[in-house]
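These notes concern the structure reproduced below.
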Amino acid sequence: MGVAAGPRKTCVRRPHLARRRAGPLHGRARGRPRGVRTLRAGDPVHLLLPLRPAGPRVAGRRTRTLSGCVERPRHDRDPARRPGVLFERGAPRTLRASRVHRELPDGSRRRGRAAGPGGRARGEAPRQDAQRGVTAFALLGSGEFEPWAEPVDRWLLDRAAEAGRDGSVLILPTASAPEGDAVFDKWGTMGLEHYAALQAPAEVVPLKTREDAASEELAAGLATASVVFFSGGNPAYLATTLAGTAFWTRVVAELDRGLSFGGCSAGIACLGQVAPDSAATRFGDDMWKPGLELFPGVVFGPHWDMLDTYIPGLRDVIVQGVPEGSRLLAVDECTAVLGDGQRWRVQGSGTASLYDAGTWERFGPGAAFEAELRPSPA
261 MGVAAGPRKT CVRRPHLARR RAGPLHGRAR GRPRGVRTLR AGDPVHLLLP
311 LRPAGPRVAG RRTRTLSGCV ERPRHDRDPA RRPGVLFERG APRTLRASRV
361 HRELPDGSRR RGRAAGPGGR ARGEAPRQDA QRGVTAFALL GSGEFEPWAE
411 PVDRWLLDRA AEAGRDGSVL ILPTASAPEG DAVFDKWGTM GLEHYAALQA
461 PAEVVPLKTR EDAASEELAA GLATASVVFF SGGNPAYLAT TLAGTAFWTR
511 VVAELDRGLS FGGCSAGIAC LGQVAPDSAA TRFGDDMWKP GLELFPGVVF
561 GPHWDMLDTY IPGLRDVIVQ GVPEGSRLLA VDECTAVLGD GQRWRVQGSG
611 TASLYDAGTW ERFGPGAAFE AELRPSPA
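For the sequence shown, the numbering used here begins at 261 and goes up steadily by one.
Following this line, the structure appears as structure tokens:
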């Protein structure tokens, strides 16, 4: 999509990484400025766009009658001299050795009783399933595979290690596939070099089409990998390619078993209720396609601080495109939002902004905030 040129931050991709040649942009955003300039050829563009009485036992059933042997108390203290009864201790039962529940890790009976079928003792706090792990997301506004993002990737790897994952990374430049093999391979190579510097084994998954995404063989690595990372390109293409496929179904399943998710630019813009199509030639409803809805009722806006530099009024267009009742999470360039779906922290040089019912909340570098963007699994 041809967009207006403007000053670029140093962390933004260099001209040789341009994803498409510039071209004219037709139409305008519902009442937005008409003046849209054209880029010079080769300029980069990123449109990203969870008390019974005692008594003998009767085989096969429990008795609810009083013990047959009762006696008059020696000292009847009742003022009316009414007879009373004494409850007699029943016959002693044979005591069995205590048993430890198979799921108690420390071999204890916990608060005087063994755990029930659920695996924990009454009154004990819930414990984390070691195989389930803690879901971790890193949502980047731009700058994947660049030095500033190293702490982000280490965080993803550390979270996955807590779940016993194998430490490997799966890189998917799928969103750039429409731009050709050269561009796809370039992003794959950048990812391999980046993770090599972190001493993390990585591989590029050659997933470019829906046919590829249907391959069980390509999805097999997700069972043990620590991180799956989707880089930039066209958000709508990425969502359309993955939706309902074996690969995406496996990704979602493994997230609850400790797989960490990283995405940048289109790699996060595809995750919400809708995804923008950066190949659209006009502003309007046709630029919005169904998203993957990993985050229901959310729309993502990467590159947020630079969008109006690319195209004047583009941020307003995106805000207007947020469906009624949904929220928008906007992430600046060279910035990441790290969290588990409910609790988040901002990493990087920019700001994360949450738009909800006409109100903005902004969170600067290092800020922590809570927002249930992805409901906790039951």
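No residue lacks a Cβ here, since even glycine has one placed at the ideal position from N, Cα and C.
Only a predicted model underlies this, so the values are computations on that prediction, with no experimental measurement involved.
Beta-carbon separation (whole angstroms), residue i vs residue j, contact threshold 8 Å
i    : j    : result
H427 : A421 : Here residue 427 turns out to be Gly, not His, going by the sequence shown. Correct: roughly 7 Å between the Cβ atoms.
F521 : L515 : 6 Å
D565 : E593 : 6 Å
Q602 : E630 : 6 Å
L432 : S486 : L432 to S486, Cβ: 14 Å. No contact.
Spatially closest choice to residue i from the options, by CA coordinates
i    : options                   : result
P411 : M450, V443, Y455 and L432 : Y455
E632 : E453, T469, D616 and P438 : D616
S639 : F623, E463, G618 and G599 : No answer is possible for residue 639: the residues shown for the chain start at 261 and end at 638.
K468 : Q459, L502 and A460       : L502
V579 : V606, A596, G544 and V597 : G544
G440 : T500, G561, P466 and D413 : P466
V558 : T449, P635, R414 and T595 : P635
E471 : T484, T500 and A457       : T500
P438 : P461, A513, D413 and A539 : A539
V232 : R414, E621 and P461       : Nothing can be reported for residue 232: it is not among the residues displayed for the chain, which extend from 261 to 638.
T395 : E463, L458, E453 and V488 : V488
G626 : T619, L614, H563 and R605 : R605
Under the three-state DSSP convention, the category residue i falls into
i    : result
A628 : strand
V512 : helix
P407 : helix
Q580 : helix
E621 : strand
T569 : helix
V606 : strand
T541 : coil
L531 : coil
L416 : helix
L519 : coil
L633 : coil
R373 : For R373, the pLDDT reaches just 42, beneath the cut-off of 50, and the residue's location in the model is therefore unreliable, although a value from the coordinates is still provided. Residue state, collapsed to three classes: coil.
A526 : helix
R425 : coil
T434 : helix
D546 : helix
L400 : strand
ask   = So does the stretch 567-586 actually touch the stretch 398-405, counting three or more Cβ pairs closer than 8 Å?
value = no
inquiry  = Counting beta carbon pairs with one atom in the stretch 476-496 and one in the stretch 523-539, are three or more of them shorter than 8 Å?
reply    = yes
ask   = Can we say the stretch 476-488 touches the stretch 444-451, given the rule of at least three CB pairs closer than 8 Å?
value = no
Residue ranges of each alpha helix (DSSP H) within the stretch 436-510, 4 or longer = 441-457, 470-473, 476-479 and 495-502
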